[in-house]
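Worksheet: the structure to be examined is printed underneath.
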Amino acid sequence: MLLESIQALLPELNTAVLQTIYMVAISLVAALILGLPLGILLFVTDEGLFLKNRFVNAVTGWIVNLIRSIPYIILLVALLPLTKLIAGSTIGPTAASVSLSVAAIPFFARLVETSLREIDKGVIESAVAVGASPWMIIKEILVPEAKPGIVQGLTITTISLIGYSAMAGIIGGGGIGDLAIRFGYYRYDNVIMITTVIVLVVLVQIIQIGGDKLTKYVDKR
Amino acid sequence: MIEVNHLVKIYKSKKKQVIGVDNVSLSIKEGEIYGIIGYSGAGKSSLLRCLNLLERPTSGEVKIDGVDLTTLTSKELRKARQKIGMIFQHFYLASSKTVYENIAFALKAAGKSPKEIDIRVKELLELVGLADKIHQYPTQLSGGQKQRVGIARALANDPKVLLCDEATSALDPKTTKSILNLLKSINKKLGLTIVLITHEMEVVKEICHRLAVMQDGKVIEEGPVYDIFANPIEPLTRDFIQSILQFDLPQQLIENRKGTIIKIQFKGAIAEESVVSELFQTFKVKGNILHGKIEYIQEVPLGIFIMELTGEIPEIERAIQYIQDRTQNLEVVEHVA
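These protein sequence lines map, in sequence, to chains A and G.
In this note's numbering, each residue's number is its place in the first sequence (first place is 1) plus 25.
In this note's numbering, each residue's number is its place in the second sequence (first place is 1) plus 5.
The structure is reproduced here in structure tokens:
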């Protein structure tokens, strides 16, 4: 009985997992492309650093805080017009990726900033002392030195995104969350509910273990 | 080579102002090893960091090779910094880079081609004696080895000046000695001007030609190292020198003496003459050496002896006069008789 209902669920579950991976992957790429430079910007424009700029730092910090202070579920709804503009629709995994990206970028940016702060200031200073340009310092010192922290941040962002993507299910975003809500919650189907939770647990575990391994690999300290 | 004129560095925080460097003027000659000594908080580190503008002076000039660094644009300053090497107490190597990559970074910063970089890095590692560690990461190295990498990185772009920020303070005595020897040989071989700050007089004695003593942001005493060792004027300078030339006799030793205790300082050539043996031949006094030491500062001897003279008082007085005339440096510590 139990086995049968899980078996019947498999095709649905399969699509849902793929959709989740798809959404998370898109927003993760967005976080990397935009969140990483944003995090670096937050760091290097701060007091006492080589591109110190109070105005830029304050404005970026303020925007990042603003987005981060909005609960994801609200952000999701608030961004519907933007979603429509970018993805052409407000339903489906591609549409959900828009708000997921918007949430992921500042989140990851702060994590990047934090890991950059862990670099010994003296190491940065020694790069300034040899006459390296800001771009050289960022590319050759900051990013490589913070790499373990950045990879860890990426792991944390991925896991948070899986959580957020489940919320996206509420507005028909697709993915595991969507499945859990449609079948598990609305139809009171506990089997589906529990199955989706197990799938999520497994997914998160895999990502955490993989992330930790990668962090260790890039860490030369 | 290096001209510092009326340099002032003030640190402002919300509530108070702290003066780091207080109107310091210095002139450091080409090929010289110049030491700046002081306790922590004396402003020596601030002063050194103003020499490559890691800290921008509040006012004053920093001229290196005739160019006032404070007037340069940021691009010109980067170029100028490539000719001013710097090494640090805690080495500050990039932990994500191998020895090779750490040194290569400095060359890349100067826009060298990969081929030039490869040749130069190997040359530098040969110079600092680390050719076998080329592909290791900093964590795999000892403190002394890390500092050697730091030196190689600092020398990468053929600088004219090397700034050393407490470069040996984190190292054990033996490693300190080997790093100092390396600095000395680089100074000789490349004619590099070296400015080093330290709180250890031992370091100054070992390699510096000239010395400035700093206290509360000011240079309170300056001159050739030998002269300062032989004739320290300021109490702080005496303090530092005492740390090397310790001549405190145990109190009970002094109490049990019957004669006159004198302290003689022999400078330079006189230290090699036989003043003491002539003394005993000429006068009817007996001498008993209680303490003695000859330090070689820049290979010039500086001898200090504490002696007890016994005999007839007039004879002792004449003996003291005799030494006084020959050495110009005798101090009667205690007349017992």
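For each residue, glycine too, the CB sits at the ideal point set by N, CA and C.
Burial state of residue i, where buried means 16 or more other Cβ atoms lie within 10 Å
i, result
"G:Thr78", "exposed"
"G:Ala342", "With a pLDDT of 44 at G:Ala342, under the threshold of 50, the modelled position of that residue is not reliable, and no figure is offered here."
"G:Asp232", "exposed"
"A:Leu28", "exposed"
"A:Ala152", "buried"
"G:Glu131", "exposed"
"G:Phe344", "Within the shown structure, residues of chain G are numbered from 6 to 342, placing residue 344 of chain G beyond reach of any answer."
"G:Ser301", "Per the sequence presented here, residue 301 of chain G reads as Tyr, with Ser not at that position. By the neighbour-count rule (16 or more Cβ atoms within 10 Å), G:Tyr301 is not buried but exposed."
"G:Asn162", "buried"
"G:Pro255", "exposed"
"A:Phe80", "exposed"
"A:Ile231", "exposed"
"A:Glu170", "buried"
"G:Asn107", "buried"
Residue i - containing beta strand (DSSP E), residue span
i, result
"G:Cys169", "166–170"
"G:Pro62", "That residue, G:Pro62, is in no beta strand (DSSP E); it is neither H nor E in DSSP."
"G:Gln22", "22–33"
Residue i vs residue j beta-carbon contact at 7 Å
i, j, result
"G:Ser51", "G:Lys14", "yes"
"G:Phe234", "G:Ile246", "yes"
"G:Ile266", "G:Ile328", "no"
"G:Asn10", "G:Ser30", "yes"
"G:Gln152", "G:Phe96", "yes"
"A:Ala134", "A:Gly60", "yes"
"G:Ile42", "G:Met6", "no"
"A:Ile201", "A:Leu186", "no"
"A:Ala120", "A:Ser114", "yes"
"G:Gly90", "G:Gly196", "no"
"G:Gly316", "G:Lys298", "no"
"A:Ser124", "A:Leu110", "no"
"A:Tyr210", "A:Ala128", "no"
"G:Tyr142", "A:Lys164", "no"
"A:Ile184", "A:Val229", "yes"
"A:Ala56", "A:Thr182", "yes"
"G:Ile212", "G:Leu185", "yes"
"G:Gln220", "G:Ala47", "yes"
"G:Leu59", "G:Ile202", "no"
"G:Ala114", "A:Ala157", "yes"
"G:Leu295", "G:Glu313", "yes"
"G:Gly71", "G:Leu12", "no"
"G:Gly273", "G:Val305", "yes"
Neighbouring residues, chain G, relative to residue i (Cβ below 8 Å)
i, result
"A:Val148", "Tyr97, Leu98, Ala99, Ser100"
"A:Pro169", "Ala99, Ser101, Lys102"
For residue i: DSSP bridge partner residues
i, result
"G:Tyr231", "DSSP lists no partner for G:Tyr231."
"G:Gly40", "G:Leu201, G:Leu216"
"G:Ile269", "G:Phe310, G:Leu335"
"G:Thr13", "The question names Thr, but residue 13 of chain G in the sequence shown is Val. Its beta-bridge partners are G:Ser64."
"G:Ile299", "G:Gly308"
"G:Gly292", "G:Leu314"
"G:Glu8", "G:Ser32, G:Lys68"
Contact list for residue i against chain G, beta-carbon separation under 7 Å
i, result
"A:Asp145", "Tyr97"
Chain G residues whose Cβ lies nearer than 9 Å to that of residue i
i, result
"A:Ile166", "Ala99, Ser101, Lys102, Phe110"
"A:Lys172", "Ser101"
Continuous alpha helix (DSSP H) stretch holding residue i: start and end
i, result
"A:Pro62", "61–69"
"G:Phe93", "Careful: G:Phe93 lies outside any alpha helix (DSSP H), inside the beta strand (DSSP E) at 89–93."
"A:Met48", "27–55"
"A:Ser126", "118–142"
"G:Gln256", "256–260"
"A:Ser151", "146–154"
Cross-chain neighbours of residue i in chain A, by beta carbon under 9 Å
i, result
"G:Tyr16", "Per Cβ cutoff of 9 Å: no residues; G:Tyr16 is ~12 Å from chain A at best."
"G:Thr144", "Lys245, Arg246"
"G:Lys113", "Ala157, Met161, Glu165"
Interface partners of residue i on chain A, CB under 8 Å
i, result
"G:Gln329", "Going along chain A, no residue has its Cβ under 8 Å from G:Gln329, so there is no contact; the nearest lies around 51 Å."
"G:Arg158", "Ser151, Val155"
"G:Arg86", "Val153, Ala154, Val155, Gly156"
"G:Leu59", "Glu150, Val153, Ala154"
Partners in chain A for residue i, counting only beta-carbon separations shorter than 7 Å
i, result
"G:Arg83", "Gly156, Ser158"
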